[in-house]
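What follows is one structure encoded as structure tokens, with my remarks underneath.
In this note's numbering, the protein residues as written are 114 to 435.
Take a look at the structure:
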């Protein structure tokens, strides 16, 4: 059993705690948040010792790991501090905001012999697992192209909150939404080589953009498109095309498969407790079990793709990913 501290107890941090309720692999024994009064009742009801001092948690020998659900710009310093204190680290996406800082943070954890996990719960959903099996098994044939979009109305959540900042949310919804799509592309299709992106603010009264898109080239020769709107209705899909057909993750609970003759079938794939699944996978790895499925190289590469999309959107030029 891993004794963890949840750092950041906003909506998402509380969701992570709830997802691990009843787990026999990880329990949240402590919590850290900037405004203690906002999380007192939540933590008291769950037996979580709450404070506002991250350093005190890192100094607590009873804590094995930290789970970070904090503003993106804080991640790097918090990860390195945890590694120096000998704590395993699970960090919500995006891991950091630059490839260089991501590599340094990963290296700090690995050098200390610690497990580092990244929060991408969609990897643990049934439709993602089945799509990965089909692709790796060659059922789509030669992979040609991939299209994905993750959009949602972020304005109500971001207004007056830390996300309403270009520092925290460069390229619009990429750090809240599009980064999930980036991880799905890496997981299903492999490393990305180049990005050509655009990002604009057209409708929302916020400090960040609401319309972001990118054309991508993959190292294996595939092409791709990624879109993310921070306004309007919620949408999540990933469609991978091969010369033998295509497969589409449609929302979180369906997988649509189409063969080369146009015959389609829809598979119902309940999403399950994907947040709990990723935390249990992290805890198992921290206790010496199977490695966490998002590899250190993939953690760093995901940030590199994000950084390239942001740079391309700012320059209106194609950016190579290193």
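Just so it is clear, CB atoms sit at the ideal spot from N, CA and C, and this is done for glycine as well. Values in this document were obtained by computation on a predicted structure and should not be read as measured data.
- For residue 247, the enclosing alpha helix (DSSP H) begins and ends at 239-249.
- Counting only runs of at least 3 residues, the stretch 117-152 fully encloses the following beta strand (DSSP E) elements, listed from N- to C-terminal order: 139-145.
- The beta carbon of residue 116 lies closer than 7 angstroms to those of 140, 142, 175, 176 and 177 in the same chain, with the five residues before and after it left out.
- By the Cβ neighbour-count rule, residue 197 is exposed, with fewer than 16 other Cβ atoms within 10 Å of its own.
- Restricting attention to 385, 183, 434 and 432, the CA atom closest to the CA of residue 238 is found in 385.
- The Cβ atoms of residue 255 and residue 356 sit closer than 9 angstroms to each other.
- Looking at the DSSP output, residue 367 sits in a beta bridge with 363 and 381.
- Looking at the backbone, the Cα of residue 331 and that of residue 157 are separated by about 48 angstroms.
- Residue 137 has its alpha-carbon roughly 34 angstroms from the corresponding atom of residue 287.
- Between residue 133 and residue 339, the C-beta spacing is not below 9 angstroms.
- For a cut-off of 8 angstroms, the C-beta gap from residue 324 to residue 342 is around 6 angstroms, short enough to register as a contact.
- The DSSP-derived three-state label of residue 168 is helix.
- When rounded, the separation of the alpha-carbon atoms in residue 397 and residue 126 is 20 angstroms.
- If you draw a straight line from the Cα of residue 206 to the Cα of residue 369, it is about 27 angstroms long.
- Measuring C-alpha to C-alpha distances from residue 278 to each of 431, 322 and 291 identifies 322 as the nearest.
- With 16 or more other Cβ atoms inside 10 Å of its own Cβ, residue 191 counts as buried.
- Here the alpha carbons of residue 374 and residue 347 stand approximately 31 angstroms from one another.
- In this structure residue 229 is in contact with residue 202, their Cβ atoms being roughly 5 angstroms apart against a cut-off of 8 angstroms.
- DSSP places residue 262 in the uninterrupted beta strand (DSSP E) bounded by 256-264.
- In the three-state reduction of the DSSP assignment, residue 200 falls in the coil class, being assigned neither a helical nor a strand state.
- The continuous beta strand (DSSP E) containing residue 327 extends over residues 324-331.
- Judged by DSSP in its simplified three-state form, residue 350 adopts strand.
- Excluding the 5 residues flanking it on each side, residue 128 has same chain C-beta neighbours closer than 8 angstroms at 388, in chain order.
- Distance check between residue 186 and each of 276, 123 and 247 places 276 closest, using alpha-carbon atoms only.
- Contact annotation: the stretch 143-162 does not touch the stretch 208-225, with fewer than three C-beta pairs closer than 8 angstroms.
- For residue 284, the CB contacts under 6 angstroms within the same chain, skipping 5 residues up- and downstream, are 312, 325, 422, 423 and 426 in chain order.
- Per DSSP, reduced to three states, the secondary structure at residue 228 is coil, with no helix or strand assignment.
- For residue 333, the number of other beta carbons within 10 angstroms of its own is below 16, and it is reported as exposed.
- In the DSSP assignment, residue 311 is bridged to 326.
- Of the residues 168, 131 and 122, the one whose Cα lies closest to the Cα of residue 152 is 122.
- In this structure, the beta-carbon distance from residue 353 to residue 244 falls below 9 angstroms.
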